[in-house]
Structures are given as C-alpha cells and as structure tokens.
Amino acid sequence: MNKILIIGRLTADPELNFTQSGNAVCRVTVATDRAYQAEGRKNTDFIRVVAWRGVAETLAKYMHKGSMVAVEGELHVESYEDKEGVRRISPEVLANRIKFLDYRAKGQKTPESVPEVPGVEVGYDPKDLPFEEDTEQAELPF
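Those letters in the sequence shown? Residues 1 to 142, by full-length UniProt numbering.
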C-alpha cells in the first residue's frame, strides 16, 4: 500500500497548467513542520504535490500562498540524470484528495461557493483525521 497524508501550508500561489491533451495539472509545495524540534528550532519539510483535473482546477482557483491544506495521495519517486550525469531522485505526492483546512478564498468568496468536485473538501473537523485520541494517561518509562 502506498498512501501518504500531509498537512501544511502552500508556499506559493498555485499555478494551473494544461497538458497537450487538455488535462489540468497544478504543482504546489506544501510546508509541513516536523513534530520533533532540535534545540528549540522548528524543522520544516517542503513537499512537492501534484494535482490533476478537477482537483487541480479547484486548488488553483480557491487557494493561495499560506493556505492550510490536508493532502492525501501516493508518494511517487522519479529518478533522472542531471546535466553533469549525476543520478537524482525527485519525490512528490500525487494528490488523490485535498481538503481546505483554513478557507480564505481570493476575493470575497465564501466556503459555500466552492463547487463540489470529487477529491476536494472544504472545512476542518478533527473527527475526519485518521488518528485516535489517546485518552489514557499511561505512565511513561522515562
């Protein structure tokens, strides 16, 4: 199984492009903070995300730099040789589903104005996250 879930903020405004066959594609980078902080400093990962078709169009139309999103998808790792002949790897998430967590649209639009598109959701409900709340106060071994 290849499944990944990331939550973070867009590092730039999404740009919508189209393939030669007319399919919409949107590439963005999502900044997500690691839970572990070394010496009090925040560690942030910058993860490339690719969305296609309706998800891409909706992402580009309603989200902007700083928007918080949850991205569910698959990890793809491309391998290529650069100009110097050095083998490089390029990981990215192929988004199957994107949820807008802090909806602040461009202009005066409201969350209700986002059209229903398969793979796109608006709003945040902690019950939607695939984690269970740990209510037991177990004694830690350290």
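We put the CB at the ideal spot given by N, CA and C, even for glycine. Please read all numbers here as calculations on a predicted model, not as lab measurements.
_Which runs of the beta strand (DSSP E) at least 3 residues long sit entirely within the stretch 8–84? Give them in chain order._
As far as the stretch 8–84 is concerned, its whole beta strand (DSSP E) runs of at least 3 residues are 15–18, 24–33, 44–52, 68–81.
*Quick one: give me the first and last residue of the beta strand (DSSP E) that V86 is part of.*
That residue, V86, is in no beta strand (DSSP E); it is neither H nor E in DSSP.
*asked:* What does the alpha-carbon distance come out to for the pair A95 and R34?
replied: If you draw a straight line from the Cα of A95 to the Cα of R34, it comes to about 20 Å.
*From M68 to G85, what does the alpha carbon distance come to, in whole angstroms?*
M68 and G85 have their C-alpha atoms some 38 Å from each other.
*Just the Cα atoms here: how many angstroms apart are G54 and V71?*
Going by the C-alpha atoms only, they are around 15 Å apart.
_Using the three-state DSSP reduction, which class does L5 fall into: helix, strand or coil?_
L5 sits in a strand when the DSSP states are folded into three classes.
*asked:* For T32, tell me which candidate among I89, G8, K83 has the shortest Cα-Cα distance.
replied: Cα-wise, what sits closest to T32 is G8.
*Can you list, in chain order, the residues of its chain whose CB lies under 6 Å from that of V77, leaving out five sequence neighbours each side?*
Around V77: I89, P91.
*Look up L101 in the DSSP assignment and give the residues it is bridged to.*
Listed as beta-bridge partners of L101 by DSSP are no residues whatsoever.
*asked:* Quick check: what's the CA-CA separation for G22 versus D45?
replied: One C-alpha to the other measures close to 32 Å.
*E74 versus V50: straight-line alpha-carbon distance, rounded*: Answer to the nearest angstrom: the Cα atoms are 10 Å apart.
*asked:* Please tell me whether V28 and P14 are closer than 8 Å, where the distance is taken between their beta carbons.
replied: Note that the C-beta distance between V28 and P14 is below 8 Å.
*With a CB to CB cut of under 6 Å and the five nearest residues on each side skipped, what residues in its chain are close to C26?*
If the five residues before and after C26 are omitted, its C-beta is found closer than 6 Å to the C-beta atoms of P14, L16, A51, A56, L59, A60, all from its own chain and listed in chain order.
*Straight-line CA distance for R41 to M1?*
Rounded to whole angstroms, R41 to M1 spans 33 Å at the Cα level.
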